[in-house]
Amino acid sequence: MATTWLGPEGRTAALASMADKELDVLVVGGGIVGAGIALDAVSRGLSTGLVEARDFASGTSSRSSKLVHGGLRYLEQFDFELVREALHERGLLLTTIAPHLVRPVPFLFPFAHHWERAYIGAGVTLYDALAMASRNNRGLPSHRHLTRSGALRVFPALKRSALAGAVQYWDCQVDDARFVTTVLRTAAGLGASIASRVQAVGFLREGEHVVGADVTDLESGEELGIRARQVVNATGVWTDDIQEMVGGRGQIHVSASKGVHLVVPRDRIQASSGMILRTEKSVLFVIPWGRHWIIGTTDTAWDLDKENPAASRADIDYVLDHINQVLRTPLGRDDVEGVYAGLRPLLSGESEETSKLSREHTVAHPVPGLVLIAGGKYTTYRVMAKDAVDAVAHGLGGSLPASVTDRLPLVGADGYWALYNQRHRLARDSGLHVSRVTHLLRRYGSSVRDLLDLVRERPDLGRPLTGADDYLRAEVVYAAKAEGARHVEDVLSRRTRISFETWDRGIAAADEAAHLLAGCLGWDEEQVRREVEYYRKGIEAERAAQEQDTDQEADAIQHGAPEIVPEAHITRP
1 MATTWLGPEG
11 RTAALASMAD
21 KELDVLVVGG
31 GIVGAGIALD
41 AVSRGLSTGL
51 VEARDFASGT
61 SSRSSKLVHG
71 GLRYLEQFDF
81 ELVREALHER
91 GLLLTTIAPH
101 LVRPVPFLFP
111 FAHHWERAYI
121 GAGVTLYDAL
131 AMASRNNRGL
141 PSHRHLTRSG
151 ALRVFPALKR
161 SALAGAVQYW
171 DCQVDDARFV
181 TTVLRTAAGL
191 GASIASRVQA
201 VGFLREGEHV
211 VGADVTDLES
221 GEELGIRARQ
231 VVNATGVWTD
241 DIQEMVGGRG
251 QIHVSASKGV
261 HLVVPRDRIQ
271 ASSGMILRTE
281 KSVLFVIPWG
291 RHWIIGTTDT
301 AWDLDKENPA
311 ASRADIDYVL
321 DHINQVLRTP
331 LGRDDVEGVY
341 AGLRPLLSGE
351 SEETSKLSRE
361 HTVAHPVPGL
371 VLIAGGKYTT
381 YRVMAKDAVD
391 AVAHGLGGSL
401 PASVTDRLPL
411 VGADGYWALY
421 NQRHRLARDS
431 GLHVSRVTHL
441 LRRYGSSVRD
451 LLDLVRERPD
461 LGRPLTGADD
471 YLRAEVVYAA
481 KAEGARHVED
491 VLSRRTRISF
501 ETWDRGIAAA
511 DEAAHLLAGC
521 LGWDEEQVRR
531 EVEYYRKGIE
541 AERAAQEQDT
551 DQEADAIQHG
561 APEIVPEAHI
571 TRP
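Position 7 (the sequence shown) corresponds to 7 in full-length UniProt numbering; numbering is contiguous.
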């Protein structure tokens with residue numbers, strides 16, 4: 001029977017199932033787009049498999065600005081349809097698909113000159129109007145205009161001289177990596193076979209037709225052939241590499257743009273709202289994130305290591321310089337507790353500036369049996385998935401039922417609000433503080449019952465994780481049993497966000513996390529030691545890279561960090 005638990009037994013069963021029968025569709029790539037495609041396909045009646053070479057969401061989908069938004073800046077580029085579409089999706093996510101994971105956030109948009117009020121106000125008015133055109137966007141307040149004094153009451157950290165007034169509007173945020181895992185768990189619950197640490201190394205061919213993929217289980221070294229009537233490539237910035245594997249000229253060209261975000265403690269910036277600032281290239285967000293602020297992002301071309309893009313000193317200084325132009329008390333490098341860098345997969349165009357390349361997506365059929373999808377933005381993942389599965393239907397030569405993902409709640413959504421209202425009772429029954437239960441509800445929704453059951457069975461799992469007090473030991477165990485975590489890094493970097501929320505970036509939590517995982521994954525003491533050492537060396541390389549002045553220097557250091565599971569060498573079929 002299908003289950004939403006992506007544990008080790010489920011991975012073994014998924015690989016056996018994919019190797020044993022021909023699938024209707026095999027998805028390559030376990031980021032948000034691949035996860036969305038798997039869910040759309042299986043919910044339309046297709047037998048579906050998905051493989052990911054590393055951990056789920058380990059690329060771009062765990063390193064975004066963590067916003068679910070329409071993209072206010074795209075109005076200035078007259079891309080009204082993209083904004084309308086994204087705002088419609090924002091409403092669906094907030095009200096129907098994932099109310100437990102997506103939540104409203106206010107943003108202040110300050111301006112330095114009084115004449116800007118009309119311009120910015122008109123843009124935000126249009127933004128709200130496009131949102132209200134969708135009946136799903138009733139959950140967010142409309143924007144409001146603020147005087148300078150009013151803006152300073154909302155955001156006291158601003159220099160008085162830095163603004164003449166402001167407009168405050170609302171958008172939404174999400175834990176991007178957690179959302180991906182939740183989409184995948186939902187797909188698994190409907191019967192999709194899903195496995196991480198499984199790399200596609202070539203395509204199965206019959207003549208010019210792609211009929212599946214050769215894959216390597218990077219954990220065991222076993223090589224498998226997975227047959228599928230259609231293969232969908234959803235690998236983001238690796239799209240061009242996949243096109244080379246099938247030979248011939250690619251139909252889609254993707255450019256990678258690096259975005260760097262800084263994380264600082266909440267007390268370093270006195271404010272009750274997020275903020276958006278215009279820069280010479282794009283925009284800069286200051287985003288509330290629990291006991292922290294996320295500040296970003298940069299937008300620079302990147303053609304180095306795609307797996308672990310490195311943040312340099314220049315990137316960090318760029319963000320600090322821009323935010324300090326408006327802060328009364330400047331931030332320094334010592335205030336930065338975490339840094340992360342991700343790559344946006346942008347469709348190449350005429351412009352040489354990545355900030356001007358398209359965020360819209362495209363779908364192509366380069367050879368029979370293979371569908372490619374690239375571009376887009378996190379918020380519109382569901383639309384991208386629908387379009388990709390529509391292309392699969394065309395390749396299968398028949399019609400499919402219409403997509404139902406616009407009304408399909410993700411795991412944890414059903415019953416969430418009722419449980420949230422009962423959080424005080426849940427706290428009394430479990431013996432946990434109500435703030436702990438609230439934390440769990442906002443991360444797992446109605447699946448909180450699974451966490452509370454773990455604590456009931458093993459009361460020691462109700463204690464905070466050493467070195468990361470915001471998280472419970474139960475969350476580490478649950479990450480392995482239900483969420484597909486295979487390694488310490490998976491837990492500290494993606495199932496939780498300890499790797500950028502703590503000053504030591506998770507090193508103090510690594511040993512305890514490894515021992516908790518050992519019981520779930522069958523590790524011996526040598527494997528525990530190896531996991532902790534790998535994580536520590538990765539953090540050391542990351543920190544050293546951030547002291548380098550250039551991308552090349554930073555990449556050379558970070559690229560040298562060891563992989564806990566070395567990837568197979570990709571060969572062309």
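Ideal Cβ positions, reconstructed from N, Cα and C, are used throughout, including at glycine.
Because the structure is a prediction, the values reported are computed rather than measured.
Taking the alpha-carbon positions, what's the residue i to residue j distance?
| i | j | result |
| --- | --- | --- |
| Leu327 | Thr147 | 18 Å |
| Gly45 | His394 | 15 Å |
| Arg486 | Gln527 | 12 Å |
| Ala38 | Glu542 | 32 Å |
| Ala311 | Ala554 | 7 Å |
| Tyr444 | Glu483 | 11 Å |
| Met275 | Leu521 | 42 Å |
| Ala86 | Leu492 | 30 Å |
| Ala213 | Ala228 | 8 Å |
| residue 577 | Gly296 | The structure shown does not extend to residue 577, since the chain is modelled only from 1 through 573, so no value can be given for it. |
| Asp20 | Gly247 | 28 Å |
| Asp240 | Leu372 | 10 Å |
| Pro368 | Gln77 | 36 Å |
| Pro288 | Cys172 | 11 Å |
| Leu163 | Arg449 | 47 Å |
| Ala413 | Val180 | 14 Å |
| Val237 | Gly259 | 13 Å |
| Glu475 | Val411 | 16 Å |
| Gly121 | Gln168 | 10 Å |
| Leu357 | Trp115 | Bear in mind that the predicted position of Leu357 carries a pLDDT of just 43, short of 50, making it too unreliable to give a figure here. |
| Gly91 | Val105 | 13 Å |
Could you tell me which of the options sits nearest to residue i, measuring between CA atoms?
| i | options | result |
| --- | --- | --- |
| Gln199 | His292, Pro104, Arg178 and Ile242 | Ile242 |
| Val210 | Trp503, Ala195 and Ile226 | Ile226 |
| Glu223 | Leu204, Ala234 and Glu208 | Leu204 |
| Ala35 | Ile557, Thr405 and Pro8 | Thr405 |
| Val25 | Phe155, Asp217, Val389 and Ala364 | Val389 |
| Ile294 | Arg63, Trp238 and Gly31 | Arg63 |
| His322 | Leu343, His361, Glu360 and Lys281 | Lys281 |
| Asp469 | Gly221, Tyr416, Ala508 and Arg344 | Ala508 |
| Arg11 | Asp217, Lys306 and Leu419 | Asp217 |
| Ala513 | Leu461, Gln548 and Ala561 | Leu461 |
| Met384 | Ala427, Arg495 and Val232 | Val232 |
List the whole-angstrom C-beta distance separating residue i from residue j, where the pair is believed to meet the contact cut-off of C-beta under 8 Å.
| i | j | result |
| --- | --- | --- |
| Ala166 | Phe111 | 7 Å |
| Val437 | Ser446 | Their Cβ separation, rounded to whole angstroms, is 13 Å, which puts Val437 and Ser446 out of contact at 8 Å. |
| Tyr471 | Leu454 | With 8 Å as the limit, Tyr471 and Leu454 do not qualify as a contact, their Cβ atoms being about 13 Å apart. |
| Gly398 | Glu501 | Actually they are not in contact, since the Cβ atoms of Gly398 and Glu501 sit about 48 Å apart, beyond 8 Å. |
| Glu52 | Ser196 | 5 Å |
| Arg185 | Thr4 | 4 Å |
| Leu331 | Leu346 | About 29 Å separates the two Cβ atoms, so there is no contact after all. |
| Leu6 | Gln230 | That belief does not hold up - the Cβ atoms of Leu6 and Gln230 are roughly 23 Å apart, past 8 Å. |
| Gly202 | Met132 | 49 Å between Cβ atoms; not a contact. |
Would you mind sorting residue i into buried or exposed? The rule is 16 or more other CB atoms within 10 Å of its CB.
| i | result |
| --- | --- |
| Pro401 | exposed |
| Asn421 | exposed |
| Glu489 | buried |
| Arg266 | exposed |
| Pro309 | buried |
| His261 | buried |
| Ser435 | exposed |
| Tyr378 | buried |
| Ala57 | buried |
| Glu350 | Interpretation of Glu350 is limited by its pLDDT of 38, a score under 50 that renders its predicted location unreliable; the figure taken from the coordinates is listed afterwards. Under this definition Glu350 is an exposed residue. |
| Arg529 | exposed |
| Gln552 | exposed |
| Gly375 | buried |
| Gly342 | buried |
| Gly49 | buried |
| Ala2 | exposed |
Per DSSP, residue i forms a beta bridge with which residues?
| i | result |
| --- | --- |
| Asn233 | Val28 and Leu372 |
| Gln199 | Thr216 |
| His209 | Glu206 |
| Trp293 | Val264 and Pro288 |
| Ile226 | Ala213 |
| Val170 | The sequence as given places Trp at residue 170; Val does not occur at that position. Answer is Pro106. |
| Ile276 | Phe285 |
Looking at chain B, is there any beta carbon in it that lies within less than 8 Å of the beta carbon of residue i?
| i | result |
| --- | --- |
| Ala385 | Absent from the structure is chain B; it holds one protein chain and no more. |
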